[in-house]
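This report refers to the structure that appears directly beneath it.
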Amino acid sequence: MKDCFLLSNPPAGRAMRYMDSYEVYQDLVKGIEEFKFEGDPQPCVLKLTSDHAVPIFTSPKGHVLLAAAEYGRGRIVVTSHEAYLLGLTASMRFIENAIEWLKPYTHAWVGVCGLGDLKDKLSHRGNKAKSVSNYDGTVGVFCRDAYTDSQVDELLDFVKGGGGLLIGGQAWWWSSQNTGADVQTSFPGNKLTGPAGIFFTNEYGEKGTFRVPTELPLDPSIMP
349 MKDCFLLSNP
359 PAGRAMRYMD
369 SYEVYQDLVK
379 GIEEFKFEGD
389 PQPCVLKLTS
399 DHAVPIFTSP
409 KGHVLLAAAE
419 YGRGRIVVTS
429 HEAYLLGLTA
439 SMRFIENAIE
449 WLKPYTHAWV
459 GVCGLGDLKD
469 KLSHRGNKAK
479 SVSNYDGTVG
489 VFCRDAYTDS
499 QVDELLDFVK
509 GGGGLLIGGQ
519 AWWWSSQNTG
529 ADVQTSFPGN
539 KLTGPAGIFF
549 TNEYGEKGTF
559 RVPTELPLDP
569 SIMP
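Numbering (our numbering) for the sequence shown: 349 to 572.
Written as structure tokens, this is what we have:
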């Protein structure tokens, strides 16, 4: 698995202002009528622990499968399986919405570490996207999976400084291979998303095709 090494400071981006949760939700689901959590990928349930973490999609069983958060001056979008970074809708509308929301400025470059043909899909839709194996100060959004904890401190500094992080994964397989380990504190992806109040869990998430509600979904996983 390719590591994603970070080399320099992130570009200055947004002012320090937290958005209303409903604003975040509307920005990320605009133009989307349904999500397809189908096929082979088995999502995990996402656990939210912060007032700044927003459940973007909650299944009928109450499983949070998509979430977003603001962290410092930056933003994070999390999917409950890395396959969903390649599209949950036929038009890839959710990923396009996520990239636009994550950008610290309109024409920011998007760096993609691995993740199949995501770079090409983004480029074909008018984004300035490139394949990267490191953060070199030339991208405003960084995309990766949740299975490595390399350079956690640098990535968190990148987001706090105004960058955007798009990350996906599930922790149930990792948990099965690391018996007895605390998923919340030890799963690699949680070291990145946890400070913003979003955690991957080892619980299987509900699958299916689900309509997108017009109202912000309630999140039963939020802990006091």
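Glycine is no exception: its CB is placed at the ideal position from the N, C-alpha and C atoms.
None of the values given here were measured: they were computed from a predicted structure.
- Proline 452 carries a coil assignment under DSSP once its states are collapsed to helix, strand and coil.
- Around the beta carbon of serine 481, fewer than 16 other beta carbons sit within 10 angstroms, so the residue counts as exposed.
- In the pairwise beta carbon analysis, the segment 444-453 is classified as touching the segment 486-493: at least three pairs are separated by under 8 Å.
- DSSP lists Val460, Leu514 as the beta-bridge partner residues of cysteine 491.
- Taking the Cα of proline 391 as reference, the smallest distance to any Cα among Thr557, Glu563, Leu564, Glu551 is reached at Glu551.
- One thing to note: valine 425 has its Cβ within 8 Å of the Cβ of alanine 446.
- Counting along the chain, valine 531 sits inside the alpha helix (DSSP H) bounded by residues 531-534.
- DSSP, read as helix, strand or coil, puts lysine 508 in helix.
- Here lysine 409 is exposed: its Cβ has fewer than 16 other Cβ atoms, across all protein chains shown, within 10 Å.
- Nearest neighbour of phenylalanine 558 by Cα position, chosen from Gln374, Ser369, Ile380, turns out to be Ile380.
- Straight-line spacing of the CA atoms in serine 407 and valine 560 works out to 10 Å.
- Distance from the Cα of phenylalanine 535 is smallest, within the candidate group Leu433, Glu563, Ala494, for Ala494.
- Pairing valine 402 with histidine 472, the inter-Cα distance amounts to about 29 Å.
- Rounded to whole angstroms, the separation of the alpha carbons of lysine 467 and alanine 456 is 14 Å.
- Each residue's CA atom was taken as its position, placing aspartate 399 and glycine 545 some 8 Å apart.
- When the alpha-carbon of threonine 549 is set against those of Gly556, Ser428, Asp484, the nearest one is in Ser428.
- Here DSSP, grouped into helix, strand and coil, assigns isoleucine 404 to strand.
- Looking at the DSSP output, leucine 470 bridges to nothing.
- Sorting Gln532, Leu513, Gly510 by C-alpha distance to the C-alpha of tryptophan 520 places Gln532 at the top.
- Taking a 10 Å sphere around the C-beta of threonine 562, we find fewer than 16 other C-beta atoms and assign the residue as exposed.
- Annotated three-state conformation of leucine 436 is coil, per DSSP.
- Our two residues, leucine 434 and glycine 528, have alpha carbons roughly 32 Å apart in a direct line.
- In the assembly as shown, tyrosine 370 is an exposed residue. Its beta-carbon has fewer than 16 other beta-carbons within 10 Å.
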